[in-house]
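Heads up: the structure comes next, in structure tokens.
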Amino acid sequence: MAKPTLSNQIKTEATLLKYAENVFKKSTENANLFPEATALLAELGVVLELFRDGITEANYRDKRQVVIKNQYGSRLKQALYHLSLHVELVANGDANLILAAGFIPSKTKVSGSYYGLSPKPNGLVVQLAVQGLLIAEMTVKSWKGARFYQFEYRAVGTVPWTTVISPKSKITIKDLEHLKEYEFRVTYLGPDPTPVYSDVVRCYIV
1 MAKPTLSNQI
11 KTEATLLKYA
21 ENVFKKSTEN
31 ANLFPEATAL
41 LAELGVVLEL
51 FRDGITEANY
61 RDKRQVVIKN
71 QYGSRLKQAL
81 YHLSLHVELV
91 ANGDANLILA
101 AGFIPSKTKV
111 SGSYYGLSPK
121 PNGLVVQLAV
131 QGLLIAEMTV
141 KSWKGARFYQ
151 FEYRAVGTVP
161 WTTVISPKSK
171 ITIKDLEHLK
181 EYEFRVTYLG
191 PDPTPVYSDV
201 VRCYIV
């Protein structure tokens, strides 16, 4: 049964932007096929514009603008993910409907289906790169039902989490603050968007 694909289409900023633009264009043109997706489509349009502007601003190599651009990139992936779940539900395996929404349908039959909440991720590991580089690598055990891996981190004592969405179970985080303690967590993004987080891992950046 065909499903909207995401992971292979958004591996780089350029492919993410191109894919999101096509989804927004096609979903808008065929909005009558997805009448209950109005809010999801509106969110996609807003974040798409922010990400496009963010890429332009980040070209000047301003570190703050690069961080903002990356945050918009994660939000854009989230918007695509939530819209893809709705399209999958409406299409019910119909590749033509999936294409009408701008998504590329899966070419092969999915072996095994996953329903309900995602399992709690186990085995989250945070490793520091060479001392002084202020870089950390987050790795978690992969899950076949995951469309994405939503990694989150923050300095201990702060409220908002910084989110990084990746099609892979391993990411690299740069520009962390020296001698600060950080906490890290991850959740799978599967058929149900409700987050089920791993245990929090803490470490000092040296």
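With UniProt numbering applied, the sequence shown corresponds to residues 1 to 206, in that order. Just so you know, even glycine gets a beta-carbon here, dropped at the ideal spot from N, CA and C. Just so it is clear, the structure is predicted and the values come from calculations on it, not from any experiment.
If you run the structure through DSSP and keep just helix, strand and coil, what is alanine 14? helix
Between Pro35, Gly73, Gly190, Thr38, which lies nearest to glutamate 49 when the distance is taken from Cα to Cα? Gly73
Go ahead and label valine 46 buried or exposed: buried means 16 or more other beta carbons lie within 10 angstroms of its beta carbon, across all protein chains shown. exposed
Give the single residue among Glu36, Ala39, Leu40, Gln71 whose Cα lies nearest to the Cα of aspartate 53. Gln71
Helix, strand or coil: which one does DSSP assign to tyrosine 153? strand
Excluding the 5 residues preceding and the 5 following arginine 75 in the sequence, name in chain order all residues of the same chain whose CB lies nearer than 7 angstroms to its CB. Val47
Length of the line joining the Cα atoms of valine 90 and tyrosine 60: 42 angstroms
Residues of its chain near leucine 33, where Cβ-Cβ distance is below 6 angstroms and the 5 sequence neighbours each way are ignored: Ala100
Only counting the same chain, and skipping five residues up and downstream in sequence, which positions put a Cβ closer than 6 angstroms to that of leucine 128? Ala136
Straight-line gap, leucine 40 to glutamine 131 (C-alpha atoms, nearest Å): 43 angstroms
Alpha-carbon to alpha-carbon, lysine 174 and alanine 58: 16 angstroms
Whose C-alpha, out of Pro121, Ala37, Leu134, is nearest the C-alpha of leucine 179? Leu134
In chain order, what residues of the same chain have a beta carbon less than 7 angstroms from the beta carbon of residue 208, not counting five sequence neighbours either side? In this structure the chain extends from 1 to 206, so residue 208 is not present and cannot be described.
Closest Cα partner of phenylalanine 151 within the set Pro191, Pro167, Gly145: Pro167
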